[in-house]
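Engineer:
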Amino acid sequence: MKKYIRYILYLLICLCWFACADFINVQPENGITYTNYFKTQKDAEALLAALENRVRSMMTVIPSYMTNLAFSGEIVDKDDWDIFNQAFKKNPGKWQNYYSTIYQADLIIDNAHRFEMKEEEIKPYILQAYFAKGVAYLYLAMNFGEVPIIQWNANFGKFPQSPVGAVLDEAEKWALKAMELPKYEDMVKQTTEKRMKQHAGKGTVAALLAHIYAWKAGVEGKSECWEKAEEYCRMIIDGEVGAYKLAANPEEVCTSVMKGNSDDAIWEIYYNAQDDGWRRDLTSNIVGFPVVESSSLNKYPRFAIYKTTVREMYEEGDRRRNAYFWGTDADSIYLVSVNGKTTATTQKPEGVNIIHSYDNQEYEQAFLFKFRYPFYTVKDGSAPQFNGMDQYQVVWRLAEIYLLRAECRARQGKTTAADDLNVIRRNAYGDDSHAFPNASDIAQGLNSNLQLAIFREREKELLLEYHRYFDIMRNGWCHLRGEDSYDYIRKELSSNYADITNQDILDGALYYELHSSCFEENDLIRQNKYWNRRQ
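Taking this note's numbering, the leading residue of the sequence shown gets 19, the next gets one more, and so forth.
See the structure below:
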């Protein structure tokens, strides 16, 4: 990407007005200013690189003073910033990054005819832009509900919000156009440039469509869309849209899939710990001992899960228990020195220098081990400084698609839903000893609620991968319609949600409150009904 930096900088200078403008009220740029720069393949590559950077910013999940909805749904016992309680309090969200992505995509789409390139040469750039627009509108619908649908090339005036159904239709429209993309492995063969799985392939688009249709079915109640979502999941699982392969076991999920660019990954966001401060902010809050060498047992991350929770979630024999967490069941922890390097172990070593030993039962927190690739910088000969995780953010992977298809099948009353659930359990346990319904399912009452059993498997398999909040929303809406007896929203979210009414939820309580920036220079924008009552 470095080879295109000067092109990106030039384009950004030409478009500097855009960064400061309200993204719902962008005024048309004088055509002479920049249209002359839609010429060569290098110009197209520069625009695509800028678009991928916008997508990366849009998909970044950072727990901060402004609560992130995706993060607030995760299972966490210790929360120094009170994020999970704040989620139901004043929690304004900005949609700037989503609309900047849409605008950047439209720069490519609307100016494709200007490039001095053959149609087949410019088409791959257009298809990537289609995908980016589809993703942006899906996540706008998931995070905000009713949002404006922008038509840059037709009207540069103000845009009011559209119903969530129309927003999802817009996401569907662009995703269907993007289905012309080749399979990812074919894209790699067609170029000498390095390709990452942030670049969408046909399988990535199929995953996008599966989630769009699942959201339509779950939230809008369009039950016919469960079958559509199931079909796109099938295309991925059967290898019709790309060559994907489940990680062999939970250990491989941690060492390979979470690292990035694995055969299991369908779409992931590229990060480089050397230059991405937001990735550092995220991981420094959830990752500590023993992954980060400078962390001690007595220094907890801002967000932590307790060992009691891990033991309740993951039974003995579930290999995710020891892959996603370190030393949960160990009696003692030893810090040892080997060749001048300090390491931690749960087995008392022989013949090495033991620096310190600890009684592990005195520590309440579980040591997160799902993310294992820290990056360190050294300045002026000082001690190495932890500077984030040198790994990507996996958005969709094959195990998630198996469980999404299981949900789609369960919602259609298909017993084959258990088959998909058991694929993931087989990976977790290494055999079929815990196939649904097992003794634990019966004890928890899951044997009579396959949908809930699938939800429980998703929260275990996809821990801290930022699906759980939206899983709760998607599953919870059916309870509002009387389709299911289990109240996901009130039982699975923070206790602050226990007393909200069905009308509160329908009026937008689970979406972001709109930040003041969403209203700038656009008097057509309205706060949703729930948050308007809370003003």
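Ideal Cβ placement from N, Cα and C applies to all residues, glycine included.
Could you give the uninterrupted runs of the alpha helix (DSSP H) lying entirely in the region 390 to 431, keeping only those of 4 residues or more?
Structural biologist: Restricting attention to alpha helix (DSSP H) runs no shorter than 4 residues, the region 390 to 431 encloses them at 416 to 429, ordered along the chain.
Engineer: Let me confirm a value: HIS374 is counted as buried when at least 16 other C-beta atoms fall within 10 Å, else exposed. Which label applies?
Structural biologist: Its Cβ having fewer than 16 others within 10 Å, HIS374 is exposed.
Engineer: Quick one: what's GLN383 bridged to in DSSP?
Structural biologist: GLN383 is bridged to TYR324.
Engineer: How many Å lie between TYR352 and ARG320 at the Cα?
Structural biologist: 24 Å
Engineer: Can you find the residues in the same chain that come closer than 6 Å, C-beta to C-beta, to SER180, ignoring five residues on each side of it along the sequence?
Structural biologist: ILE167
Engineer: Using alpha carbons as the reference points, say which of MET276, LEU386, ALA64 lies closest to ASN303.
Structural biologist: LEU386
Engineer: Roughly how many angstroms lie between the CA atoms of ASN115 and ILE518, to the nearest whole one?
Structural biologist: 30 Å
Engineer: Going by the CB atoms, is the gap between ALA62 and TYR143 shorter than 7 Å?
Structural biologist: Yes; because the gap between Cβ atoms is below 7 Å, this pair is in contact.
Engineer: Quick one: what does DSSP say GLU286 is sitting in, helix, strand or coil?
Structural biologist: strand
Engineer: When you compare the region 495 to 510 with the region 249 to 261, are there three or more beta-carbon pairs, one atom per stretch, that lie closer than 8 Å?
Structural biologist: no
Engineer: Is TRP113 helix, strand or coil when you go by DSSP?
Structural biologist: coil
Engineer: Under a three-way DSSP split, which group does GLU70 fall into?
Structural biologist: Here DSSP, grouped into helix, strand and coil, assigns GLU70 to helix.
Engineer: Where does ILE543 sit, in a helix, a strand or coil, going by DSSP?
Structural biologist: coil
Engineer: Across the region 413 to 421 and the region 474 to 481, are there enough close Cβ pairs to call them in contact, namely three or more that are closer than 8 Å?
Structural biologist: yes
Engineer: Are three or more beta carbon pairs between the region 406 to 415 and the region 336 to 353 nearer than 8 Å?
Structural biologist: no
Engineer: Between ALA193 and the ligand ADP, is the CB less than 6 Å from at least one heavy atom?
Structural biologist: Ligands in the displayed structure: none, and consequently the ligand ADP is not present.
Engineer: Quick check: what's the CA-CA separation for ARG390 versus GLN169?
Structural biologist: Rounded to the nearest angstrom, the two C-alpha atoms are 43 Å apart.
Engineer: So, for ASN520: in the same chain, excluding its five sequence neighbours on each side, which residues have a beta-carbon less than 7 Å away from its beta-carbon?
Structural biologist: Closer than 7 Å at Cβ, skipping near neighbours: LEU498.
Engineer: Could you please give me the residues that DSSP links to PHE343 through a beta bridge?
Structural biologist: PHE343 pairs with LEU386.
Engineer: Enumerate in chain order the residues of its own chain whose CB-to-CB distance from LYS277 is below 7 Å, with the five nearest sequence positions on each side excluded.
Structural biologist: TYR391, GLN409
Engineer: Looking at TYR231: is its Cβ nearer than 7 Å to the Cβ of LYS207?
Structural biologist: no
Engineer: Is it right to say GLY526 is buried, meaning 16 or more other beta carbons lie within 10 angstroms of its own, or is it exposed?
Structural biologist: buried
Engineer: If I follow the unbroken alpha helix (DSSP H) through LYS220, where does it start and stop?
Structural biologist: 220 to 233
Engineer: Label LEU524 either buried or exposed according to how many other C-beta atoms from any shown protein chain fall within 10 Å of its C-beta, with 16 as the threshold for buried.
Structural biologist: exposed
Engineer: ARG74 and THR119 - do their beta-carbons sit closer together than 7 Å?
Structural biologist: no
Engineer: Per DSSP, what are the beta-bridge partners of ASP377 in this structure?
Structural biologist: SER350
Engineer: Distance, Cα to Cα, THR434 vs ARG544?
Structural biologist: Roughly 44 Å between the two C-alpha positions.
Engineer: Under the rule that 16 or more other beta-carbon atoms within 10 Å means buried, what is LYS220, buried or exposed?
Structural biologist: buried
Engineer: Please go through the same chain and pick out, in chain order, the residues whose beta-carbon is closer than 6 Å to the beta-carbon of PHE393, but skip the five residues on each side of it.
Structural biologist: ALA291, ASN405, GLY406, ASP408
Engineer: Do you know offhand how far ALA471's Cα is from GLU198's?
Structural biologist: 36 Å
Engineer: Quick test of your reading: ALA159 and ALA189, contact by CB under 8 Å. State the CB separation rounded to the nearest angstrom.
Structural biologist: With a Cβ gap of about 7 Å, ALA159 and ALA189 count as contacting.
Engineer: Identify the continuous alpha helix (DSSP H) that holds LYS151 and give its terminal residues.
Structural biologist: 137 to 162
Engineer: Identify the continuous alpha helix (DSSP H) that holds LYS246 and give its terminal residues.
Structural biologist: 242 to 255
Engineer: Verify whether the separation of the beta carbon atoms of SER348 and ASN378 is less than 7 Å.
Structural biologist: The sequence given here places Ala at residue 348; Ser does not occur at that position. Yes.
Engineer: Taking only three categories from DSSP, how would you classify PRO46?
Structural biologist: Residue placement at PRO46 cannot be trusted, given a pLDDT of 42 that sits under 50; what the coordinates show is reported in the next sentence. DSSP places PRO46 in coil when its eight states are reduced to three.
Engineer: Alpha carbon to alpha carbon, how far is GLY399 from LYS366?
Structural biologist: 33 Å
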